[in-house]
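**Q** Be aware that the sequence shown starts at 0, since it is given in numbering that gives the first Met the number 0, and climbs by one per residue. Beta carbons are placed, not taken as given, at the ideal position from N, Cα and C, and that holds for glycine. Small disclaimer: the values here were computed from a predicted structure and weren't measured. Please read through the structure below; I'll follow up with questions.
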Amino acid sequence: MILVDEVRCEIHSGELYVGLILGKDGHQSHHLILLPGEALRVSWQTANQWAQDSGGDLPSRRELALLFANRRECFQDRWYWSSEKHAADSFYAWNQFFGTGTQYDDHISNQMLARAVRRMSIR
C-alpha cells in the first residue's frame, strides 16, 4: 500500500508504482502502475490484446515518458508499443525506444515489445 496525496494505491505482487500522471490542465489525472511481464516481438494489435489479457492496457505516450523517467531499469533498450495510433494514419502507432527515450511512429504490423499498465483514478 502506498499513500500518495491521501490516496491509497493497492499494489499487487509483481507490480511497481510509477507515479502520478497530470491531465492537460495540470490537475492530477491518475496514478500509474506497471504490471509484471513483457510481450516479445508482437504487432500493435497483438500487444493490445496481450495487455488486456494481463489485466491492463498499453501505456499512452505520456505514460511511456513517465515510465522512462521513473522505471527505465524495468525495460530493455528496445522499442515498446504505446496505446496511441497516429492521428493522421491509422496504420501507424506510437512507440518509444527505452535506450534514449525517443518516441516515433511505426506501422502497426511491425513487431516490438510491450508492457502493460493499470491506472488508479484520482477522486
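So, helix, strand or coil for LEU57, using DSSP?
**A** If DSSP states are grouped into helix, strand and coil, LEU57 belongs with coil.
**Q** Indicate the three-state DSSP secondary structure (helix, strand or coil) for ASN94 in the structure shown.
**A** Three-state result, ASN94: strand.
**Q** Who are ASP88's beta bridge partners in DSSP?
**A** BP columns for ASP88 point to HIS85.
**Q** Hey, quick one: how far does the alpha helix (DSSP H) through ASP52 stretch, first residue to last?
**A** 43-52 is the span of the alpha helix (DSSP H), which, as asked, contains ASP52.
**Q** Tell me whether the beta-carbon of LEU123 lies closer than 7 Å to the beta-carbon of VAL41.
**A** An answer regarding residue 123 cannot be provided, because it is not within the stretch 0 to 122 covered by the chain.
**Q** With DSSP run on the structure shown, which of helix, strand or coil describes ARG7?
**A** ARG7: strand per DSSP, three-state reduction.
**Q** If I'm right that LEU57 touches ASN69 with Cβ under 8 Å, what's the distance once you round it to whole angstroms?
**A** Going by Cβ atoms, the distance from LEU57 to ASN69 rounds to 17 Å, so no, they are not a contact pair.
**Q** For LEU21, which residues does DSSP report across the bridge?
**A** In the DSSP output, where bridge partners are listed per residue, LEU21 has GLN27.
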